[in-house]
Structures are given as structure tokens and as C-alpha cells.
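Structure first, then comments.
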Amino acid sequence: MPFQKREFPNAFANLPKEKALALLETMVRIRAFESRVEELFLNRKIPGFVHLYIGEEAIASGVMAHLNKDDSITSTHRGHGHAIAKGARIDRMMAELYGKKTGYCKGKGGSMHIADFSVGMLGANGVVGGGYNIAVGAGISARIKKTDQVAVCFFGDGASNRGTFHEALNLAAVWKLPVLFVNENNQWASTTPTSFATSAVHIADRAKGYGIEGYTVDGNNVIEVYNAASALIEAARKGKGPAILECLTYRIKGHYVGDPERYRTKEEVQKHFTENDPIIRFSAYLKEKGMLDDAGLEAMKAAAVREVAAGEKFAEDSPYPDKEEALDDLFSFSPKEFPEVVR
Ligand SMILES: Cc1ncc(C[n+]2csc(CCOP(=O)(O)OP(=O)(O)O)c2C)c(N)n1
């Protein structure tokens, strides 16, 4: 189904070579982390659930390139890529996935709860659609403090059917808050194809209902994402209010690692992987423009693998939390003071 295209100014064209390469580097670092996490999970090194972002890296990379450290993001259950692109540490993320004490949540949250307030990553979220109102809160905070900070809320196509979507979009629009809602339309919500459960053909079309702007871009083309995010984040910073940026992509991996994927064919997945891999597409573009060669790409990938291996070693070498700490940081009150509540 065709969608409303807007030609955004080509901000990418003004990027110096190092910054263009940095966009690719972020994607490569995310892919290296995710690929190793998949292996580690299958080798039973990582407990709990893990949802991979492989194939969707151009969105996190292209959006986050416009954010400052003190801008905020809210993420999803598929949040490793958002965290890495926003500047979270790979070693502490890996330790969290391992359930180790040195992890971001002292090993008690796991993949779906990674947060690092020091870089503006307000949190992954196991509750689908749980990030909207947190992002709106960050927008209200910027308004009250009179800063030019913005908040970006990442959400899935399935999540756009939650009631929280309406609450958050309406308030953000009415108060013209500096929040960009970035939809990652990967065509699946768990085992459900988007078209089966979502009334709008394009999530961006829902913007009309809130009196704001909504645009759809090719989310596997980092340049398109970069240019659209540039314009919409800049507008939010200047007080023009929220918008929806829908990024069309595809969920290459199962909904979670270990998903038997009985609801789609291997051919469908393979087609997207071979024809539409955002890393292959962007590296080919950079090579064509003379900004990258094979050796440079291999060196970038090797550095990312080394960084992830160091994170893995950090996680392996770290201790598990002590038994006595099991209930620490889980409640807003101290369970030691109110033992009857957590009996
Ligand atoms: C409130 C809530 N409802 C249901 C679930 C179970 N659940 C986890 S992921 C998911 C699908 C989410 O799809 P989408 O928002 O499109 O994100 P994607 O997984 O495709 O990245 C569901 C239904 C949940 N975690 N939270």
C-alpha cells in the first residue's frame, strides 16, 4: 500500500565522512551484540527471554544520531539496539543479560529492563506500550525546566494498538510536547501479522487523529531515517510539538530467541535478509561513494566483535547477586523494614 511520502531536506548530505561512518558503526556494533547474544542464549548462558533487533538497526542508528546525551528515549522489549545507540555500555548490558551483579539492574531485570539514566536511556520495557507515558513525562519535564531537550519513544506496530498510545499522543499533541514517537513497523507483533490486528494501513496515518504530523520512511535505509529524524527532532526542539515517524522494517529473527516460527515461511524471512539488510545496503552505498572499502568494513566488524567479547568476559567474570540482596531495589520501600508486605 503506498504511503504519504515527504521529501525531507537531505541532512545526510552535509555529514562529514566520519559521521557517516559512525552511523554504520553503530549498526555494526548492535549486530555484533545481538548475534553473540543469540548464540549465548542458545548455549544456555543467558536466562529469561531475549528479543533480537537484528535487521532493524538503521532505525536506532539514524534516530539516535540526532540526540544529545541529556535527551531521553524510552524503549521496548526489543531494546538492546536502542540502548547501544544511545550510549549504554555493552559490558554492563551483557552482565545484566547474564543476571550478574555488575549488570545495569544488578542482574535482576534482564534484557527487558535495561536502563541507563546517565545517557538518557529511560528503560526497555516488558510491558508492550509501557514507554509512551514515560516519554511524555520526559517531555513535560523538559517543558517545566525550560530546556531544549527532546524525548523519543520507540514502539512497535502491535504496541500502537494499546490504549496508552491514545493517552500519550493526545496529551503530547495538546501540550505540544517535545516528543517524537518512532514506530518500528516490523510487520509482525509476536505471531500476528500487522494487517490482521491493526486498523490503519500505516501507523503514521494515526497522526491525523491527534492533529499532528506523521510520516512513513523506509526503516532499512539509514539515510531516510536520518533525514526524517533530523527534521522532526529539530522541530520538536523548537517547540513545534510531537510527530509520528513510522519506519518500515522487518523482524528477521523469531519474536524471541527459540521461537519455532510456525506462523511464517523461511522463504519470507530469507527474502528480507538477502534483499533488505540495512547494513549491507548502507555499506554498499558508502563503498560506492568512496567512503568505505572492504578492509575498512572488516576492521569495523572485527572491532565490534572484540568489544562484545570483552563485554562477555566481563559478564562471565562477574559475580551473581548475593542471596541476601534478592529483594533489594525491587520495591519503592525497603522490604527489610516491612517484611510482612513481601512475605
Ligand atoms: C501489555 C502487554 N501485552 C502483551 C504482551 C505480550 N507481548 C510481548 S511482545 C508482544 C508483541 C509486540 O509487538 P510489537 O509492538 O509489534 O513489537 P515487536 O515485537 O514486533 O518488536 C506481545 C503481545 C506484553 N508484554 N505486554
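Note that the numbering used here has the sequence shown beginning at 1106, numbered continuously upward. All C-beta atoms, glycine included, are put in the ideal place defined by N, C-alpha and C. This structure is a prediction, so every number in the text was calculated from the model and none was measured.
For S1180, which residues in the same chain have their Cβ closer than 6 Å to its Cβ, ignoring the five residues on either side in sequence? H1187, A1229 and F1259
If contact is defined by three or more beta carbon pairs under 8 Å, each pair taking one atom from either stretch, is the stretch 1337–1347 in contact with the stretch 1363–1377? no
Given 8 Å as the limit, tell me if N1291 has its C-beta closer than that to any heavy atom belonging to ligand 1. Correct: N1291 has its Cβ closer than 8 Å to ligand 1.
Measuring only the C-alpha atoms, how far is M1396 from A1116? 17 Å
Residue range of the beta strand (DSSP E) that S1177 falls in? S1177 to T1179
Quick one: complete beta strand (DSSP E) runs, 3+ long, within the stretch 1313–1339? 1318–1323
Given the structure, does S1304 come close to ligand 1, in the sense that its CB is under 8 Å from one of the ligand's heavy atoms? no
Would I1195 pass as a contact of G1416 if the rule is Cβ separation under 9 Å? yes
Taking M1217 as the reference, which of K1418, S1223 and G1231 has the closest Cα? G1231
On the CB-based measure, 16 or more other CB atoms within 10 Å of its CB, does G1092 come out buried or exposed? Outside the displayed range of the chain (1106 to 1448) lies residue 1092, so it cannot be described from this structure.
How far does the beta strand (DSSP E) with V1287 in it reach, from first residue to last? V1284 to N1290
Going by the C-beta, is F1260 closer than 8 Å to any heavy atom of ligand 1? Distances between the C-beta of F1260 and the heavy atoms of ligand 1 include at least one below 8 Å.
How would you call T1321, buried or exposed, if buried means at least 16 neighbouring beta carbons within 10 angstroms? buried
Check this for me: beta carbons of Y1203 and E1421, under 9 Å apart or not? yes
Compute every distance between the C-beta of A1408 and the non-hydrogen atoms of ligand 1, then say whether any falls below 8 Å. no
Could you tell me the alpha carbon to alpha carbon distance between N1332 and L1285, rounded to whole angstroms? 14 Å
Among A1240, D1176, N1148 and H1185, nearest to V1133 - alpha-carbon criterion: H1185
Distance cutoff 9 Å, beta carbons only. Does A1170 sit that close to anything in chain D? In the structure shown, chain D does not exist; there is a single protein chain.
To the nearest angstrom, how far is the alpha carbon of N1148 from that of A1163? 28 Å
Anticipated Cβ contact below 8 Å, G1263 with V1233, distance rounded: 6 Å
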